[in-house]
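Student: Quick one: structure below, then a few questions.
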Amino acid sequence: MADPIIIAVPKGRILAEAIPLLERAGIVPEAAFSDENSRALRFTTNNPGIDLIRVRAFDVATFVAHGAAQLGIVGSDVLAEFDYSELYAPVDLGIGHCRLSVAEPAAMAASDDPRGWSHVRVATKYPHVTEAHFARRGVSAECVKLNGAMELAPLLGLAPRIVDLVSSGRTLKENGLVEVEVICEVTSRLIVNRAAFKTRGEVVPLVEAFRRAVAQELAA
23 MADPIIIAVP KGRILAEAIP LLERAGIVPE AAFSDENSRA LRFTTNNPGI DLIRVRAFDV
83 ATFVAHGAAQ LGIVGSDVLA EFDYSELYAP VDLGIGHCRL SVAEPAAMAA SDDPRGWSHV
143 RVATKYPHVT EAHFARRGVS AECVKLNGAM ELAPLLGLAP RIVDLVSSGR TLKENGLVEV
203 EVICEVTSRL IVNRAAFKTR GEVVPLVEAF RRAVAQELAA
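Counting from 1, position 136 in the sequence shown corresponds to residue 158 in the working numbering; the numbering is continuous, with no gaps.
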């Protein structure tokens with residue numbers, strides 16, 4: 023019997039939106055999968071040929087690119103940051119809507135004009151996307167790599183600006199920051215390992231199931 027197809031799904035905010043999408047695609051996880059307090063990392067589904075793993079969003083792309091998982095759900099921000107050639111992203115799932123933005127303290131923004139920047143120092147977990155964005159504008163970007171708590175960087179003098187995901191903007195506001203520039207809009211994508219797409223016969227029907235699930239949601 024062939025090894026199960028493994029689908030990598032991110033922990034955190036996308037998880038709640040991913041579960042109904044999985045179910046519309048005919049994949050019903052075991053109950054523990056939706057329990058954020060569960061310490062388990064691998065889960066069964068109603069299909070004995072499909073297992074799910076729940077990992078950090080940035081790790082989804084790595085698991086799928088290296089073939090440890092055959093499919094995954096991940097934000098377009100992660101795909102842009104890593105740009106793995108081994109990944110194929112055939113379906114925009116229409117979930118996880120947010121944006122990748124530049125933010126700075128409100129007092130600073132009151133007299134700041136991004137069009138006049140020539141050099142910026144930013145804290146971000148997206149150094150490659152950030153540098154590429156500013157390079158296109160002819161701006162030199164010095165990136166301080168952080169993996170979380172981005173909003174603390176301006177407050178504690180680590181960097182005057184940040185580049186981070188923004189959804190409602192509430193976290194920025196509560197930390198005295200405001201958006202001053204949007205780098206890109208972000209949604210979650212279905213990603214597939216290119217080798218698995220060619221060699222595992224179960225993968226193509228799964229991709230089509232996700233495509234139908236998205237179409238059903240749009241039609242509802």
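Glycine is no exception: its CB is placed at the ideal position from the N, C-alpha and C atoms. Quantities reported herein were computed from a predicted structural model and do not represent experimental measurements.
Which same chain residues, not among the five before or five after M172, have their C-beta less than 6 Å away from its C-beta?
Tutor: Reading the sequence shown from its first residue, position 150 is the one you call residue 172. Closer than 6 Å at Cβ, skipping near neighbours: A145, I184, D186.
Student: Go ahead and label E230 buried or exposed: buried means 16 or more other beta carbons lie within 10 angstroms of its beta carbon, across all protein chains shown.
Tutor: Within the sequence shown, numbered from 1, the residue matching residue 230 stands at position 208. With fewer than 16 Cβ atoms within 10 Å of its Cβ, E230 is classed as exposed.
Student: According to DSSP, N169 sits in a beta bridge with which residue or residues?
Tutor: By 1-based counting over the sequence shown, the position of residue 169 is 147. Looking at the DSSP assignment, N169 forms no beta bridge with any residue, so it has no partner.
Student: In terms of residues, what are the limits of the alpha helix (DSSP H) holding D81?
Tutor: On the sequence shown, position 59 is the one that residue 81 refers to. Counting along the chain, the alpha helix (DSSP H) containing D81 begins and ends at 79-87.
Student: Inspect the CB distances between the stretch 209-226 and the stretch 103-112 and report whether three or more fall short of 8 Å.
Tutor: yes
Student: Sort out for me which residues DSSP pairs R183 with in a bridge.
Tutor: Position 161 of the sequence shown holds residue 183. Beta-bridge pairing links R183 to V144.
Student: Which class does L199 belong to by DSSP, given the choice of helix, strand or coil?
Tutor: Taking the sequence shown and counting its residues from 1, the one referred to as residue 199 is at position 177. Reduced to three states, the DSSP call for L199 is strand.
Student: Please state whether DSSP places S98 in a helix, a strand or coil.
Tutor: Residue numbering aside, residue 98 sits at position 76 when the sequence shown is read from its first letter. Note: S98 maps to helix in three-state DSSP.
Student: Using a threshold of 8 Å, state whether the C-beta atoms of I95 and P32 are closer than that.
Tutor: Reading the sequence shown from its first residue, position 73 is the one you call residue 95. Reading the sequence shown from its first residue, position 10 is the one you call residue 32. Their beta carbons are under 8 Å apart, which means I95 touches P32 by this criterion.
Student: Under a three-way DSSP split, which group does R211 fall into?
Tutor: Within the sequence shown, numbered from 1, the residue matching residue 211 stands at position 189. It is a strand residue.
Student: Report yes if the CB atom of A157 is closer than 8 Å to the CB atom of V200, and no otherwise.
Tutor: Walking along the sequence shown from the start, residue 157 turns up at place 135. Walking along the sequence shown from the start, residue 200 turns up at place 178. Against a cut-off of 8 Å, the Cβ pair of V200 and A157 comes out as no contact.
Student: Specify the secondary structure class of V151 as computed by DSSP and reduced to three states.
Tutor: Counting from 1 along the sequence shown, the entry for residue 151 is found at position 129. Residue state, collapsed to three classes: helix.
Student: Report the start-end ranges of each alpha helix (DSSP H) in the stretch 119-144 that is 4 residues or longer and not cut off at the edges.
Tutor: 128-131
Student: DSSP three-state call for S56: helix, strand or coil?
Tutor: The sequence position of residue 56 within the sequence shown is 34, counting from 1. Three-state result, S56: helix.
Student: Which residue's Cα is closest to the Cα of A87: A218, I27, G116, R35?
Tutor: Taking the sequence shown and counting its residues from 1, one reaches residue 87 at position 65. It is A218.
Student: Taking contact to mean 3 or more Cβ pairs, one atom from each stretch, closer than 8 Å, check whether the stretch 43-56 and the stretch 222-239 are in contact.
Tutor: yes
Student: Terminal residues of the continuous beta strand (DSSP E) containing R61?
Tutor: Taking the first residue of the sequence shown as position 1, residue 61 is located at position 39. Taken as a continuous stretch (DSSP letters only), R61 belongs to no beta strand (DSSP E), as it is neither H nor E.
Student: So, with DSSP's three-state summary, where would you put R76?
Tutor: Within the sequence shown, numbered from 1, the residue matching residue 76 stands at position 54. R76: strand per DSSP, three-state reduction.
Student: Pull up the distance between the alpha-carbon of G170 and that of T67, whole angstroms please.
Tutor: To locate residue 170, count along the sequence shown from 1; it is residue 148. To locate residue 67, count along the sequence shown from 1; it is residue 45. Distance between the alpha carbons of G170 and T67: 31 Å.
Student: Beta strand (DSSP E) containing V31: first to last residue?
Tutor: Position 9 of the sequence shown holds residue 31. It spans 27-32 - the beta strand (DSSP E) in which V31 sits, taken as one unbroken run.
Student: For my contact list, D99 and V208 are in at a C-beta cut-off of 8 Å; report their separation, rounded to the angstrom.
Tutor: Residue numbering aside, residue 99 sits at position 77 when the sequence shown is read from its first letter. Residue numbering aside, residue 208 sits at position 186 when the sequence shown is read from its first letter. Right, the Cβ-Cβ distance comes to about 5 Å (below 8 Å), so this counts as a contact.
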